[in-house]
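When you line the sequence shown up against numbering that gives the first Met the number 0, it's residues 0 to 209, in that order. Just below is one structure, and these are the notes that go with it.
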Amino acid sequence: MNEELKLILEKVHELYMRYGIKSITMDDVASHLSISKKTLYKYVADKDDLVGKVIDLQINNINNDLDCKKNSNLNAIEELLVVSKMVNHKMKQLNPGTFFDLRKYYPAHSDRLIKARRDKMYNNIINNIRKGKTEGLYREELDEDIIAKLQLSRIENIIDNDFFSIEEFTSKKFFQEIFVYHIRGISNQKGIDFLENKLQSFDIEDLNNI
Numbered sequence: 000m001n002e003e004l005k006l007i008l009e010k011v012h013e014l015y016m017r018y019g020i021k022s023i024t025m026d027d028v029a030s031h032l033s034i035s036k037k038t039l040y041k042y043v044a045d046k047d048d049l050v051g052k053v054i055d056l057q058i059n060n061i062n063n064d065l066d067c068k069k070n071s072n073l074n075a076i077e078e079l080l081v082v083s084k085m086v087n088h089k090m091k092q093l094n095p096g097t098f099f100d101l102r103k104y105y106p107a108h109s110d111r112l113i114k115a116r117r118d119k120m121y122n123n124i125i126n127n128i129r130k131g132k133t134e135g136l137y138r139e140e141l142d143e144d145i146i147a148k149l150q151l152s153r154i155e156n157i158i159d160n161d162f163f164s165i166e167e168f169t170s171k172k173f174f175q176e177i178f179v180y181h182i183r184g185i186s187n188q189k190g191i192d193f194l195e196n197k198l199q200s201f202d203i204e205d206l207n208n209i
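The structure is reproduced here in structure tokens:
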């Protein structure tokens with residue numbers, strides 16, 4: 000991707016996350032980014048095209064973010080704890096209005112984002128379960144497909160409804176109920192003992208080790 004276009008899309012994403020999508024016009028984008036509309040239209044045909052390219056970048060970021068959390072020096076439980084920090088950090092940046100606008104006014108782009116997020120998370124959960132089994136941390140009898148779908152549906156329900164406020168689902172307490180609950184449920188005694196030891200020094204808000 001052209002570096003100038005990538006920079007434009009990153010800044011537009013910030014605008015959308017702050018103000019929503021519907022209210023931001025192409026004139027607003029050019030003004031906020033201090034670029035001419037000619038420069039903007041060099042890369043996109045219209046607002047729908049702009050939203051689509053922002054979504055393309057976000058899909059790419061989803062893949063890169065989750066891939067870079069895989070570390071051969073970490074075991075399966077440590078990987079999940081690192082991912083939980085990343086998810087917690089990302090959740091705090093969410094603007095529910097932005098996703099409402101995306102679903103209502105740009106459903107095709109919304110569907111693409113949801114599918115990409117779902118596919119990547121499903122595959123990562125499957126791979127993590129297999130790794131944990133190999134390491135002797137997770138229960139051997141686990142049905143990988145069922146567990147992956149259960150955890151994925153749990154996360155999607157949190158993201159896509161208004162049962163919880165952003166403050167609630169980015170709190171330490173919420174982390175305990177979601178991620179630790181999941182890890183405990185799939186771990187054998189060795190895994191649970193390891194988790195308990197790690198939690199003594201674990202801080203979900205400490206981003207230095209992400």
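Idealized CB from N, CA, C, for every residue including glycine.
(message) Going by DSSP in three states, Y42 sits in which element: helix, strand or coil?
(response) helix
(message) In the DSSP output, which residue or residues are listed as bridge partners for Y137?
(response) S186
(request) Count the other C-beta atoms from every protein chain shown that fall within 10 angstroms of the C-beta of S164, then say buried if there are 16 or more, exposed otherwise. (result) exposed
(request) In the DSSP assignment, find the unbroken alpha helix (DSSP H) run with T97 in it and report its ends. (result) P95 to Y104
(message) Between which two residues does the alpha helix (DSSP H) holding I76 run?
(response) A75 to M90
(request) Would you mind sorting G135 into buried or exposed? The rule is 16 or more other CB atoms within 10 Å of its CB. (result) exposed
(request) Report all residues from its chain with a CB closer than 7 angstroms to the CB of T97; omit the five preceding and five following residues, and keep chain order. (result) Y15, M16, G19 and I20
(request) Ignore the nearest five residues each way along the sequence and tell me which others in Y42's own chain have a CB closer than 6 angstroms to its CB. (result) L4
(message) Going by C-alpha to C-alpha distance, which of K119, K46 and Y104 sits closest to N60?
(response) K119
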